[in-house]
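Colleague: Chains as they are written, first to last, in the numbering used here: chain F, 2 to 281; chain V, 107 to 409; chain W, 272 to 638.
Where is the CB? At the ideal position from N, CA and C, for every residue including glycine.
Quick one: structure below, then a few questions.
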Amino acid sequence: MISTISLRVKKKIQNTFLFLFASLSTVIAIIPLFSIIFEVVKNGIKAINLDFFILLPGPVGESVGGIANAIQGTLILVTLASIIGIPIGVITGIYLYEYGREKKSTLISFSVDLLYDLPSIVVGIFVYIVVVSPMHSFSTIAGALALAIVMIPIIAKTTEESLTLVPSTISEAGIALGIPKWKNIIFIVLNSAKSGVLNGIILAVTRITGETAPLIMTSLGSTFWFSGINKPINSLTLLIWRYAMQPYPSAVEKAWGAAFLLLLVALALNLIVKSGGKSK
Amino acid sequence: MNEDEIFHLFSLAVASISLLLLALIFVVLVQYTFPVINKMGINYFISTSWNPVFGKEEYGILPYFLGTVLTSFIAILVGVPVSFGIALFLTEYSNKTLKNYLGTMISLLAAIPSVIYGLWGFFIFRNFILEYIERPLYHYFGGLSIFSTTPTGLDFLNGGLILAIMIIPIVSSITTEVLEQVPTEIKEGIYAIGGSRYDVVVHGSIRYSKNGIIGAILLGLGRAIGETMAVSMVIGNATGENALPKSLFSAGQTLSSLIANEFNEANPTSLHPNALIGAGLVLLIMAVIVNLSARMIVSKYKR
Amino acid sequence: MKRGSTTKKFLRYLLFSFLIFVYVLYLAILPSSTLVINGAGSTFVYPLISKWSSEYRKVNPSMLISYQSIGSGGGIRLFINKTVDFGASDAPLNKQQMEVAKGVIHIPETLGAVVISYNLPNVNLRINLTGEVIADIYLGKITKWSDERIAKLNPGIKMPDEKIVVIHRAEGSGTTYVFTDYLSKVSKEWYSLVGRGTSVQWPIGLGAVGSEGVASLINQVSFSIGYIELSYAMQTNMTYAAIKNQYGNFVVPVPESVEEAASSLAKSLPKGNESWENVSLVDAPGKNAYPIVSFSYLLLYNDLSTLPGMNEKKAKDLVNFLWWCIHSGQNYSLSLGYVPLPPEVVKINEESIKMIKFKGINLIGGS
């Protein structure tokens, strides 16, 4: 009698413990999320005014000027990287899906995986050695190439995954109609996997928008507007990194402002992906 | 040659870019690391000296290797239990709506750029852990060697804890996936013999999904090893012998933060840049080994 | 249910088109810069050059000077590679670097000093230190504030019987270069064990990142000692020590004592096109000269036509800018915590700037 009661009590305690552990963990993980969003908004909003969006940074330490060149720089870098990275990524994904059974493809699929795992700073070093060093200059194009390398494996993997999700009946129907295989893949199968592929691309764009490490030794940063793809360029992430460590309050305020913008874009893009995934 | 063959070759050529890039990255890094290994020999890996002074040049990456290991270890130690708890909460205690919302929120943690974690870690989180974790620990347990350095908030602990937060999304999402795949028969079997929810989780789910969880942990580890910006902003950036992990509160450096901090500053006529590229090579090898084993475990589990 | 998903879809498209709109706006409307002059290097002079760049646009609106603070080492590398039009470094080029960078002109553009700051609760008087004592503290040979060598220098002050907490910069820094240059000069043991450099192998101590990190660590940790730039100490009102100079005086770092260190050595300075490797202002001979002082240098090529993308007009603009920096530009030094160049050094710089030519064409002042 007593032992059953104590057993029941023990079970109750165990279950309560499990519930407390699970819910506490969840709360612990959510707190930093809210803290980051709260602090970035609180500190960042102070920096936001019209100048912030349209002016170049003033002399460091003075509270004049804005960060418009960093916004411009991030947009240019992401655009160039996408022009290079998206086609390569998507075609690689198609290849892995369509010719995945070939021997050669195992090697390629393996290297896409490894490329996906590379710490992005290693990509930065690589681009520094093969592009920056021979060109004798940090440059926009070097930064864009580094970002493209980060992008390719992400897009390749998501493209391959979303193509495998397309019901085989769809591609078989195309083949039955006598359409050449390549037209079938691109116009029918890829088309049905459109939203998955698009989500992968947005994911990759979000990721490179927030990248800093590979830009340190490739695009470097600049205090002026874009001045050619062979010249250094600023980015939001580089600006945050540099300004956060300055001893001047006005510089730190700009760093928070830039973080506010960056966070807004990152979260918005992420929610686009999430809502897209669910409405299907 | 028909259209299909051309398309085949074309896509093969494009897909080979990844292979080519990977090979090139490896070759170039090895080539640039060679001069420093040539000069330092095995000491490059086991020495604690880091001295770019002309005429006294010496480079040993042991402290930064250990720094990477220690911060990743802290991240796993703290991040994995929390992630597991989240996965439990999502699979055992949430309905579909709650699960959706919570899942989205946790995944937003992954969308925050690393440099913003660094900014937050430097200005906000640092004060928090200094005040509520480090100072009390130092005050009461300062005699223990792991708490023995005067706390500053810019140290291994801060770096490790930030990494813990950053790996939560990936570890918890894979663990959730793995737990969802536990067959209901196993769970129901345990309930049927009078087991509680605790028994089901501990004796059923965990045992059944052990491998998947290990894979998730390794993926988290891979993420932690390669992370640069956030860590470089909060770890204190010591070099040489001072960067050796003496306590949780001592300033240190990881392989990746070392590169981020010193790469542009390195004197071109010295071996300093080569020593940093070598650190990148070691980082690459560590990341590849961890991620490969993670992927093997996870994919075996999925199939 | 269905309406819910339509709204969601609509919101999604709205968000998406908004992002695209912002995107197009920035790419299409924002201007691009035609950079005139590119420079890179020392983080120490970043605030000053940044100020110059913006003030000089009032003099010559078409002149855009971009300066990237990437550290002296990086500045030298870009200068040697001819990636930038000028470099900036806290240390002069060494022999190897002089060989690669043929035709380099050194132009010291400002003066900086490093102060020894400390945290001694209950000590209100400024303490005195000597170079040897500082070196031994940083070597770990003097471990307590009550050490008799410190006590002897400070007869009126009761030094606490506490351990000295040594603080230094963790990352590479021109400040560290100047500080270790000084210690190398006053202590043979420091010279042979540690040496001078932007980042050295510290025998003991806590590392902190940036001047700000060192300053906040000193404030937080009682009985600590650390070194920071004068400019930073001036802006943050930290307490710092008086240091014994060659003449035997204990000197407080103020602009006058820093300037005297430079002017006392002005006669022995090389010409702009010679090697500056052995120029060191630390432990300078002046009667009231503060001993831990250094120039920061601008690096230029004597024939600007060897730079890619350079033309005569641009070269003239650059040289005029340099002329402005060493004259009117000096007026901005003090408020930013730098020390203006003494007239003797300005004179040397004038000669150096005249050596800068474009395919043999004089760019300034005819004579």
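1. Could you tell me the alpha carbon to alpha carbon distance between A194/F and I187/F, rounded to whole angstroms?
2. Can at least three beta-carbon pairs, one atom from the stretch 117-133 of chain V and one from the stretch 144-155 of chain F, be found at a separation below 8 Å?
3. What number of angstroms, rounded off, separates the C-alpha of M272/W from the C-alpha of F179/V?
4. How about I131/V: is its Cβ closer than 7 Å to a heavy atom in the ligand GTP?
5. If contact means a Cβ-Cβ distance below 7 Å, which residues of the stretch 405-438 of chain W contact chain F?
6. Roughly how many angstroms lie between the CA atoms of G125/F and Y498/W, to the nearest whole one?
7. Which runs of the alpha helix (DSSP H) spanning at least 4 residues fall entirely within the stretch 587-612 of chain W, listed in chain order?
8. Does DSSP classify R440/W as helix, strand or coil?
9. Which whole-angstrom value is the C-beta distance of V386/W and Y511/W, which I expect to be below 8 Å?
10. Buried or exposed: K538/W, going by 16 or more other Cβ atoms within 10 Å of its Cβ?
11. Give me the residue from V525/W, L571/W, I563/W, S535/W with the minimum Cα distance to G543/W.
12. For S353/V, which residues of its own chain have a beta-carbon under 7 Å away from its beta-carbon, when the five flanking residues on both sides are left out?
13. Does S244/W come out as helix, strand or coil in the three-state DSSP assignment?
14. Evaluate contact between the stretch 577-587 of chain W and the stretch 557-567 of chain W, counting only Cβ atoms and requiring at least three cross-stretch pairs below 8 Å.
15. Of all the options V340/V, D305/V, R329/V, R401/V, which has the alpha carbon lying nearest to the alpha carbon of L8/F?
16. Less than 8 Å between CB atoms is the rule here; does S280/F satisfy it with respect to chain W?
17. Can you list the beta strand (DSSP E) stretches of 3 or more residues lying completely in the stretch 473-498 of chain W, in chain order?
18. What does the Cβ neighbour count give for M107/V, buried or exposed, with the cut at 16 atoms within 10 Å?
19. With the cut-off set at 8 Å, would you say S362/V and L389/V are in Cβ contact?
20. Using the Cα positions of N370/V and N235/F, report the straight-line distance between them to the nearest angstrom.
21. Does D110/V get closer than 8 Å to chain F when you measure Cβ to Cβ?
22. Inspect the CB distances between the stretch 278-290 of chain V and the stretch 225-233 of chain V and report whether three or more fall short of 8 Å.
23. Can you confirm whether S353/F, when its beta carbon is compared against all beta carbons of chain W, has any partner nearer than 8 Å?
24. Within 8 Å of any Cβ in chain W, is that where the Cβ of V159/V sits?
25. Can you have a look at T354/W and say buried or exposed, based on whether 16 or more other CB atoms are within 10 angstroms of its CB?
26. Could you tell me whether any Cβ in chain V is nearer than 8 Å to the Cβ of W473/W?
27. Specify the secondary structure class of K415/W as computed by DSSP and reduced to three states.
28. Can you name the start and end residues of the alpha helix (DSSP H) that Q367/W belongs to?
29. With A359/W as the anchor, note down where its beta strand (DSSP E) starts and where it stops.
30. Could you name the residues of the same chain whose beta carbon sits closer than 6 Å to that of G384/V, not counting the 5 residues immediately before and after it, in chain order?
31. Can you give, in chain order, each stretch of the alpha helix (DSSP H) that sits fully within the stretch 132-164 of chain V and has at least 4 residues?
32. Under a Cβ-count criterion, where at least 16 other Cβ atoms within 10 Å of its own Cβ denotes burial, should D407/W be classed as buried or exposed?
33. Tell me, which residues are paired with P58/F by DSSP?
34. Let me make sure I understand the geometry here. Which of V471/W, A560/W, N352/W has the alpha-carbon closest to that of A349/V?
35. Is the Cβ of Y249/F closer than 8 Å to any Cβ of chain V?
36. Within this structure, are the beta carbons of V61/F and P318/W separated by less than 8 Å?
Modeller: In brief:
1. The C-alpha of A194/F lies about 10 Å from the C-alpha of I187/F.
2. Result yes; three or more Cβ-Cβ pairs closer than 8 Å.
3. Confidence at M272/W is low in this model, with a pLDDT of 42, below 50, so the placement of that residue is unreliable and no value is reported for it.
4. Looking at this structure, you won't find the ligand GTP or any other ligand, since it has none at all.
5. Those would be none; no residue qualifies.
6. One Cα belongs to G125/F, the other to Y498/W, and the distance between them is close to 33 Å.
7. Whole alpha helix (DSSP H) segments, 4+ residues: 604-607.
8. DSSP places R440/W in strand when its eight states are reduced to three.
9. The Cβ separation is near 4 Å, so the contact holds.
10. Per the 10 Å Cβ criterion, exposed.
11. Comparing Cα positions, the closest option is L571/W.
12. Within the same chain, and ignoring the five residues on either side of S353/V in sequence, the residues whose Cβ sits closer than 7 Å to its Cβ are S251, I252, F253, S254, T255.
13. Absent from the model: residue 244/W. The displayed extent of chain W is 272 to 638, so no value can be given.
14. With a cut-off of 8 Å on Cβ pairs, the stretch 577-587 of chain W is not in contact with the stretch 557-567 of chain W, counting fewer than three such pairs.
15. When each option's Cα is compared against that of L8/F, the closest is D305/V.
16. Note that S280/F has pLDDT 39, beneath the 50 cutoff, so the model's placement of it is unreliable and the number below is only indicative. Contact of S280/F with chain W is assigned, a C-beta pair being separated by under 8 Å.
17. Listed in chain order, the complete beta strand (DSSP E) runs (minimum 3 residues) inside the stretch 473-498 of chain W are 477-479.
18. It counts as exposed.
19. Contact annotation: S362/V and L389/V have beta-carbon atoms nearer than 8 Å.
20. When rounded, the separation of the alpha-carbon atoms in N370/V and N235/F is 16 Å.
21. Yes, D110/V counts as interfacial toward chain F.
22. With the cut-off at 8 Å, the stretch 278-290 of chain V and the stretch 225-233 of chain V do not touch.
23. Chain F is shown from 2 up to 281; residue 353/F falls before or after that span and cannot be answered.
24. Contacts with chain W at 8 Å (Cβ-Cβ) include V159/V.
25. With 16 or more other Cβ atoms within 10 Å, it is buried.
26. At least one CB atom of chain V sits nearer than 8 Å to the CB of W473/W.
27. In the three-state scheme derived from DSSP, where H, G and I count as helix and E and B as strand, K415/W is classed as strand.
28. Q367/W: member of the alpha helix (DSSP H) spanning 366-371, first to last residue.
29. Note, A359/W: beta strand (DSSP E), 357-360.
30. Leaving aside the five residues that flank G384/V on each side, the residues in its chain whose CB is nearer than 6 Å to its CB run, in chain order, T139, V142.
31. Fully enclosed alpha helix (DSSP H) runs of 4 or longer: 149-152.
32. By the 16-neighbour rule on beta-carbons within 10 angstroms, D407/W is buried.
33. G66/F, per the DSSP bridge assignment.
34. It is V471/W.
35. Taking Cβ atoms only, chain V never reaches closer than 8 Å to Y249/F, which makes this a no.
36. Closer than 8 Å, so yes.
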